[in-house]
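In my numbering, the protein residues as written are 10 to 154.
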């Protein structure tokens, strides 16, 4: 059986993407420093779970001990998005599981008490996506006061 070169390239691309949920301890020091430089974590803040679509320097979505956060960085700065909410700033969390959809990522819509909102995207299977959702809600419930 001969593999079509285009299919092989696409397969390698999908395998090499850094998608999926990681434990925060799996992030490199370089990744953590980059996230600090974006202003999304403090020096002593620990990331609990992390998800990225397209590499950690381009995108990241995470649960930390203090907040939920999301970033999307492009070469065109006007499209950059850097969002976070400390647990006591959050009014509502709405989850949307799209793990069965081929082209969409699941997300948590974070609605802040000031009515601003953003999404924390998660790209993994249904089980791990729901674990991410449950952990985000659990951390918020514990720390929202």
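Note that CB positions come from ideal geometry on N, CA and C, so glycine has one too.
The structure presented is a predicted model; accordingly, all values stated were derived computationally and were not measured.
Give me whichever residues DSSP pairs with residue i in a beta bridge.
i, result
"residue 69", "80"
"residue 127", "119"
"residue 90", "81"
"residue 34", "Paired residue(s): none; residue 34 is not in a bridge."
"residue 105", "116"
"residue 95", "76"
Hey, residue i and residue j: beta-carbon distance below 8 angstroms or not?
i, j, result
"residue 99", "residue 153", "yes"
"residue 136", "residue 57", "no"
"residue 77", "residue 129", "yes"
Could you name the residues of the same chain whose beta carbon sits closer than 6 angstroms to that of residue i, not counting the 5 residues immediately before and after it, in chain order?
i, result
"residue 113", "107"
"residue 139", "none"
"residue 123", "none"
"residue 19", "In this predicted model, residue 19 has a pLDDT of only 46, less than 50, meaning its place in the structure is not dependable enough to derive any value."
"residue 85", "none"
"residue 97", "153"
Take residue i and list the residues in its own chain whose beta-carbon comes closer than 7 angstroms to its own, dropping the five residues that flank it on each side.
i, result
"residue 131", "30, 60, 70, 114, 115, 116, 138 and 141"
"residue 89", "81, 82 and 83"
"residue 32", "58"
Can you give me the Cβ contacts of residue i inside the same chain, cut-off strictly under 8 angstroms, excluding the 5 residues immediately before and after it?
i, result
"residue 150", "none"
"residue 52", "45"
Review point. Does the segment 55-68 come within contact of the segment 92-103, defined as at least 3 CB pairs closer than 8 angstroms?
Key: No contact exists between the segment 55-68 and the segment 92-103.
Check your understanding: Is the segment 32-49 touching the segment 69-78, taking contact as three or more C-beta pairs under 8 angstroms?
Key -> With the cut-off at 8 angstroms, the segment 32-49 and the segment 69-78 touch.
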